[in-house]
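Each residue of the sequence shown is one higher than the one before, starting from 749 at the first, in this note's numbering.
All C-beta atoms, glycine included, are put in the ideal place defined by N, C-alpha and C.
These notes are about the structure you will find just below.
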Amino acid sequence: MAIVSSAPARAATNPYTPQSACANDFGGSWSSTTDGHRSVLTPTGAKWGDVYLMYNSATGYNCVATIKSAYVGTASYTFASIMVQGVAQWYSEARYLKYYAAVQRPAGGKCVQYDAGIMNPTDSGSASGGRHTWGNCG
């Protein structure tokens, strides 16, 4: 008898935090923001990761980091996106990644939205999360 499981592999722990992901990709020191965290969930509510909005006070940049908790260490399509108020487009890092996706944009004096997604390695299931209202203004 074969047993089929649709649950993602969770054997590996992700070595990256949102601060280290942003620093690894962009340098500098990153801090958490108010209302800057959402779970990345499948349509059935399974958690495959987290998305964070970070801030670098020295540069005035925001960084969005999608940190995987499912399929860690296995390349799967993962993205992190940010939209800055007054700029009518999303900026994203989106590709097959093992641990995280991160994107940064200057947003001094402006509000932002953020978004994230994680696909399973066979591209047959996905999880998403983010904040699709303006916030973190300043």
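Short Cβ contact (7 Å threshold) for residue i with residue j
i: residue 766; j: residue 815; result: yes
i: residue 840; j: residue 851; result: yes
i: residue 842; j: residue 827; result: yes
i: residue 822; j: residue 875; result: no
i: residue 797; j: residue 768; result: no
Minimum C-alpha distance to residue i - residue among the options
i: residue 858; options: 872, 836, 885, 762; result: 885
i: residue 880; options: 863, 874, 774; result: 863
i: residue 702; options: 808, 848, 871; result: Missing from the structure shown is residue 702; the chain here goes from 749 to 886 and no further.
i: residue 878; options: 846, 812, 821; result: 812
i: residue 824; options: 871, 854, 817; result: 871
i: residue 855; options: 838, 792, 788; result: 838
i: residue 853; options: 783, 810, 785; result: 810
i: residue 784; options: 866, 830, 836, 844; result: 830
i: residue 845; options: 835, 866, 836; result: 866
Residues of its chain near residue i, where Cβ-Cβ distance is below 7 Å and the 5 sequence neighbours each way are ignored
i: residue 781; result: 801, 802, 803, 884
i: residue 776; result: 804, 806, 807
i: residue 787; result: 795, 798, 877
Contacting residues, own chain, Cβ-Cβ under 6 Å from residue i (five flanking each side not counted)
i: residue 779; result: 803
i: residue 770; result: 778, 802, 811, 813, 850
Same chain only: Cβ atoms within 8 Å of residue i, ignoring 5 sequence neighbours per side
i: residue 754; result: Residue placement at residue 754 cannot be trusted, given a pLDDT of 48 that sits under 50; what the coordinates show is reported in the next sentence. If we look at residue 754 and ignore the five residues flanking it on each side, its Cβ neighbours are 873.
i: residue 763; result: 847
i: residue 882; result: 833, 859, 860, 861
i: residue 761; result: 820
Residue i Cβ short of 6 Å to the ligand HEM heavy atom set
i: residue 847; result: With respect to the ligand HEM, the structure shown offers nothing to examine, as it has no ligands at all.
Ranges of the alpha helix (DSSP H) found wholly within the region 751 to 824, counting only runs of at least 4: Runs found: 766 to 774.
Beta strand (DSSP E) segments (min. 3 residues) lying fully within the region 824 to 886: Qualifying beta strand (DSSP E) stretches, in chain order: 824 to 832, 838 to 845, 848 to 854, 860 to 867, 874 to 883.
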